[in-house]
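Quick note, the sequences are listed as chains G and W, same order. Each step along the first sequence adds one to the number in this note's numbering, with nothing skipped, and position 288 is 288. Each step along the second sequence adds one to the number in this note's numbering, with nothing skipped, and position 1 is 409. Backbone N, C-alpha and C fix where the C-beta goes; we use that ideal spot for every residue, glycine too.
Number of protein chains: 2
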Amino acid sequence: MTGNEIHDVPEYFAPDEQSIGLVVTQTWTPDLPPEGFPLEGGRRLPSITLAYETYGKLNEARDNAILIVHALSGDAHVAGIHSPTDRKAGWWDVMVGPGKSYDTDKYFVICSNILGGCKGSIGPSSINPETGEPYGLDFPMVTIGDMVRAQRLLVDYLGIERLLAITGGSMGGFQALEWAVRFPDRVASVHAIATAARLSTQAIAFDEVGRQAIMADPDWAGGNYYGKSTPKAGLAIARMIGHITYLSDEQMHAKFGRRLQDRETFSYDFKTDFQVESYLKYQGDAFVHRFDANSYLYISKAMDYFDLANGCGSLIEAFEGVQAEFLVVSFTSDWLFPTYQSKEMVRALQANGVPTTFLEIPSTYGHDSFLLPNERLANAVTDFLAHVQQHVRQGHPGRPVSGREVRA
Amino acid sequence: MTGNEIHDVPEYFAPDEQSIGLVVTQTWTPDLPPEGFPLEGGRRLPSITLAYETYGKLNEARDNAILIVHALSGDAHVAGIHSPTDRKAGWWDVMVGPGKSYDTDKYFVICSNILGGCKGSIGPSSINPETGEPYGLDFPMVTIGDMVRAQRLLVDYLGIERLLAITGGSMGGFQALEWAVRFPDRVASVHAIATAARLSTQAIAFDEVGRQAIMADPDWAGGNYYGKSTPKAGLAIARMIGHITYLSDEQMHAKFGRRLQDRETFSYDFKTDFQVESYLKYQGDAFVHRFDANSYLYISKAMDYFDLANGCGSLIEAFEGVQAEFLVVSFTSDWLFPTYQSKEMVRALQANGVPTTFLEIPSTYGHDSFLLPNERLANAVTDFLAHVQQHVRQGHPGRPVSGREVRA
């Protein structure tokens, strides 16, 4: 491995022969009631816009729709390419496309950029209609529940009564879980991948340090940096911290070890010595060109706030009204969302009699495992989806809802 | 636990009944040859000063001296108090004092602040005699080997031919290992605690992000901030990152969980919500008042550069000339210096026939375990020291040195 090759590790993969090809991102602005879109934090957005992509066709029975929800830095562009010259495909092209696990020849696949994001959906970089300027920190805090409620409007708009599946990794998993609990009759199955019912304390700690790095950057300017110099240094540091948590000690050792970057001996100064330093800086620098620092603040906070058991007493009680079947997948080397958290979920689901398939996949790639080609993940999803579709078409009634009122 | 109590967790412990009591830090500036003190990075320091403390008495045989070497943010003040009103004792008061494992009634204990530090030894905040101003980034890079060579001058000055033990945790362990390899006839035993023969790639990555945070702070000003505003925000972020790596996921969960800090509900802004955030900010803010940001850069870089196998081909070859006996201790929840790294050392020592005692201590406190009261660690050190002292007094010859030339 030469020094430069380590930078060619694609964040997303090149489109392959089974790629869905050219796709477009659409945006949708729903007609809202006069009060706008109320948020769990107590404030309201006068209007919202969601960016989304769809692939495949909704069948006549409208029972083949799958909603894919993305992680912190993701977007609506989950598969295919936007232009014939794109070198990289959507962020989960390995899983979504003709003949793939989320088979666009069979299923109608939807992916929407989250509320608070910076990839077409409304977020802190959007224009505040009251001022004509970007919201910045005037943007109200949004929660995972708010993201999911906005997605439900989109699913309504697309004419889908019940999703065959909602699938998400990492923070996408938070949204998938929230859907199943909040709108139990709208979801036939949940694929919760490399995720948890809440962040660990350690993960909250890392998020907070990333936010502190952004807010300590003078260019952040209290969030009012649009049209000026953006807080690149702070956001890059936040991203570097994140990246370490997405990999594993084992994988970093295998990938970089103690190899030096473009040099034979130590610099004996504070320039780049090790390949791992160069890799992290590259990742940090690349990120600041494609992501908004304020969105990073809002979304990471939404992750920290998320706890499926909030207001329910326990995770077992949280899952009480669930009608979906569950596929829960963790990866052995994922220390950001460790397997013990998946097992907690599985136990709570099983305590409610929820049909649950759990799979811990051996992998050295850490949390990033779910984004990489993985035959066991691909097969598990393919099989699970076929099985759920069969249940749905057999008029499988779903689990009887308990008498407990579900959250709406 | 109320919100405020979490801030009272002492970094060092209050002096107990067995504390050695009042101690003083001394400084020593050796007479150097005209060429000064040459460094491994190729540059020289015209003069050096070391801060150190000693407790107990050197016996007539001069065979009861123990050198304690400290970790990144430590200092020479390893035990006792500096003033009758001190609320906290030295950083390893739990292990050093009358009747303790490093028993100052029996042993002559020395601890010296490292080269490059900011606690009395020469470092980047010291005055550069050529300019009359603080060195800043004109301070030459120092290595673990340089630190150890300076300590050897001090040990010579104190009239000690052979140390009964050199003991260190974390980066202190790096120095202890280096001593045993570089000056094999000067060390009867090594206590390598929560350490390794090199940093993991992941640990280098965390160090680099910490350095980037410091250097991204405009107040850092290329290292020329002395007498002006210091890079508090950057150093605090580096410290927060460090702190997460010193604890364990399990311990953070037990200590903080998802408890909120001085509030009943979420803030829905970017102020402090969780106790773990408050704790980290407190640790970061406290650190900037007691530590120099440039020293943090230099010392963390010295850690990254350290690899006992550098220039030796392998760890087994690195240990070839060693004459000391070894006590190697790791802690189960330490993910910064995981047990697998201790085991690598132990295997390489055993391959050389070095008498080695290895102990993995169950603990939930992560890397910080070595600084906390731990009966198993205390007993292991007490027993091992008694055993080594017996060997030394029986005229135990040490291991025969192999034909290979040792590093000098």
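Interface residue (Cβ-Cβ distance to chain W less than 8 Å): G:E277 is classified as such. Any Cβ of chain W closer than 8 Å to the Cβ of G:P34 would place that residue at the interface, and such an atom is absent. Taking a cut-off of 8 Å on C-beta distances, the segment 511 to 524 of chain W touches the segment 478 to 487 of chain W, as three or more cross pairs fall below it. Listed as beta-bridge partners of W:F614 by DSSP are no residues whatsoever. When DSSP states are grouped into helix, strand and coil, G:S73 belongs to the coil group. When Cβ pairs closer than 8 Å are counted between the two stretches, the segment 614 to 634 of chain W is seen to touch the segment 233 to 253 of chain G, the count reaching three or more. With respect to chain G, the C-beta atom of W:T457 has no partner C-beta closer than 8 Å. The segment 489 to 499 of chain W and the segment 434 to 451 of chain W do not touch, with fewer than 3 CB-CB distances between them shorter than 8 Å. Under the DSSP assignment, W:V598 falls in the beta strand (DSSP E) whose first and last residues are S597 to I601. W:A756 and G:S369 have their alpha carbons spaced roughly 33 Å apart. When the alpha-carbon of G:P15 is set against those of G:A76, G:Q26, G:D93 and G:V24, the nearest one is in G:D93. DSSP places G:E344 in the helix class (H, G or I) of the three-state scheme. With a threshold of 16 other beta carbon atoms within 10 Å, W:Q583 meets it and is buried.
Scanning the segment 716 to 780 of chain W for uninterrupted alpha helix (DSSP H) segments of 4 residues or longer gives 723 to 726 and 747 to 759, listed from N- to C-terminal end. The continuous alpha helix (DSSP H) containing W:E658 extends over residues D657 to K663. Identification of chain W residues near G:A197 by a Cβ-Cβ cut-off of 7 Å yields none; the smallest Cβ-Cβ distance measures about 11 Å. For G:K232, the number of other beta carbons within 10 angstroms of its own is at least 16, and it is reported as buried. Listed by position along chain W, the residues whose Cβ is nearer than 8 Å to that of G:H82 form an empty set, because the closest Cβ is around 32 Å away. Residues of the segment 696 to 727 of chain W with a C-beta atom less than 8 Å from some C-beta of chain G are L705, K709, D712, Y713 and D715, listed in chain order. Across the set W:Y713, W:P446, W:H485 and W:H651, the C-alpha of W:H651 shows the shortest separation from the C-alpha of W:A694. Its chain contains F274 as the residues whose beta carbon lies nearer than 7 Å to that of G:R258, once the 5 sequence neighbours on both sides are disregarded; these appear in chain order. Close partners of G:G42 in chain W (Cβ separation under 8 Å): Y676. Given a length threshold of 4 residues, each whole run of the alpha helix (DSSP H) inside the segment 133 to 187 of chain G is given here in chain order: 144 to 157 and 171 to 182. In summary, the residues of the segment 598 to 628 of chain W whose CB is separated from some CB of chain G by less than 8 Å are R606, S608, T609, Q610, I612, A613, F614, E616, V617, R619, Q620, A621, M623, A624, D625 and P626, in the order they occur in the chain. One Cα belongs to G:I110, the other to G:D249, and the distance between them is close to 34 Å. In the three-state reduction of the DSSP assignment, G:V276 falls in the helix class, which pools H, G and I. When the alpha-carbon of W:L430 is set against those of W:K496, W:E468 and W:S455, the nearest one is in W:K496.
Using beta-carbon distances, G:H253 counts as an interface residue toward chain W, with a partner under 8 Å.
Straight through space, the alpha carbons of G:G173 and G:G56 are spaced by roughly 23 Å. By alpha-carbon distance to W:Q669, the top candidate from W:N782, W:H661, W:K679 and W:F739 is W:K679. The straight-line gap separating the alpha-carbon atoms of W:A573 and W:Y515 is approximately 10 Å. Excluding the 5 residues flanking it on each side, G:A180 has same chain C-beta neighbours closer than 6 Å at V187, V190, V322 and A324, in chain order. About 6 Å separates the CB atoms of W:G553 and W:E586; that is less than 8 Å, so the two are in contact. Closer than 8 Å to the CB of W:G581 there is not a single CB belonging to chain G. A distance below 7 Å between beta-carbons, with the five flanking residues on each side excluded, links G:L297 to the following residues of its chain, in chain order: R211 and I214.
For G:F384, the uninterrupted alpha helix (DSSP H) run begins and ends at E375 to R393, by DSSP.
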